[in-house]
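A short worksheet on the structure shown next.
Quick look at the structure:
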């Protein structure tokens, strides 16, 4: 065990039995999480709902104890080598940030990217961690063998909102600088504006500031989603809301009274606004030298 200097998180080194997890209800089928738990302490983190279902702490204790899957790279290589594995895309970071501070010591995320590279397996990464720039070399190598994409979670660049809702994360501008580093190296990197918080980070000027900053950094794309509050996330977020934005509490209790997701009448206009801003600011893949998978060598047939 060791402790961070900022929040005294306990790190538990524990082996895992499986590395790849089948996912349902998301935009990808397979996920990979080198760590369990996250020190970012985001008030809106949807993983808290998973922790509640697993009968683990989802309140302020979440993120104070991080499981480090010490053998995850070896297990991943074994799973990728199975004849039944069909080389489906794998998303790293669906239930943790793979580039939280522990990665600086353990380098498990880098090891997993190397394993996926060696098997020419498509991969995606979701992160708030600028540490990813350390791995630009292996990401570029992986991108030459299979599709690689990185999404930086940047729901806002508003200083006050960031400090209150993402207290343990790197500054959004640091994430944008990391994105630029990857794009300049030819790696496909985009911005995920999620979650947008009604009444807190959804003003037109706030949305445009993120899109403009993404454009300046060279983002290949921008997508958005609004906050959803499942049990576990709901309790913690509303508690933080009462502390930091008490004037918004009644509104949220009404918006999310009997549902975890906002209705289309609330969500669609904001998503449409982000899409229009992206179009207006010319968000698209503008990499000067995009790295793409090399074509497979043709199998020659011998004439009989």
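Residue numbers (my numbering): 636 to 939.
Just so you know, even glycine gets a beta-carbon here, dropped at the ideal spot from N, CA and C.
- DSSP lists 761, 825 as the beta-bridge partner residues of residue 786.
- Around the beta carbon of residue 929, fewer than 16 other beta carbons sit within 10 angstroms, so the residue counts as exposed.
- Secondary-structure assignment with DSSP links residue 726 through a beta bridge to 666, 759.
- The way I'd put it, the region 764-779 does touch the region 806-820; three or more beta-carbon pairs between them come closer than 8 angstroms.
- Residue 846 holds the alpha-carbon nearest to the alpha-carbon of residue 915 among 860, 893, 903, 846.
- Looking at the DSSP output, residue 661 sits in no beta bridge, so it has no partner there.
- For residue 905, there is no enclosing beta strand (DSSP E); the residue is part of the alpha helix (DSSP H) that begins and ends at 899-915.
- Taking a C-beta distance under 9 angstroms as the contact criterion, residue 823 and residue 785 qualify as a contact pair.
- Rounded to whole angstroms, the gap between the alpha carbons of residue 711 and residue 798 is 36 angstroms.
- Annotated three-state conformation of residue 832 is coil, per DSSP.
- It is roughly 21 angstroms from the alpha-carbon of residue 900 to the alpha-carbon of residue 843.
- By the Cβ test, the region 854-872 is in contact with the region 880-900, since at least three Cβ pairs between them sit closer than 8 angstroms.
- Per the Cβ contact rule, the region 703-721 is in contact with the region 646-660 (3 or more Cβ pairs under 8 angstroms).
- Uninterrupted beta strand (DSSP E) stretches at least 3 residues long and entirely within the region 674-704 occur at 700-704, given in chain order.
- With a 10 Å radius around the Cβ and a threshold of 16 neighbouring Cβ atoms, residue 828 comes out buried.
- DSSP, reduced to helix, strand and coil, places residue 844 within a helical segment of the structure shown.
- By the 16-neighbour rule on beta-carbons within 10 angstroms, residue 665 is buried.
- Bounds of the beta strand (DSSP E) holding residue 861 are 857-861.
- Residue environment for residue 671: buried (at least 16 other C-beta atoms within 10 angstroms of its C-beta).
- Residue 889 sits exposed, since fewer than 16 C-beta atoms from the chains shown fall within 10 Å of its C-beta.
- In this structure, residue 924 lies near residue 821, with their beta-carbon atoms less than 9 angstroms apart.
- Contact between the region 806-813 and the region 675-688 is not established, with fewer than three Cβ pairs separated by less than 8 angstroms.
- For residue 648, the enclosing beta strand (DSSP E) covers residues 645-649.
- Comparing C-alpha distances from residue 714 to each of 656, 701, 904 shows the shortest one belongs to 656.
- A contact is defined here as three or more CB-CB pairs under 8 angstroms, and the region 716-727 meets this definition with respect to the region 752-767.
- Ranked by Cα distance from residue 879, the options 643, 678, 660 are led by 678.
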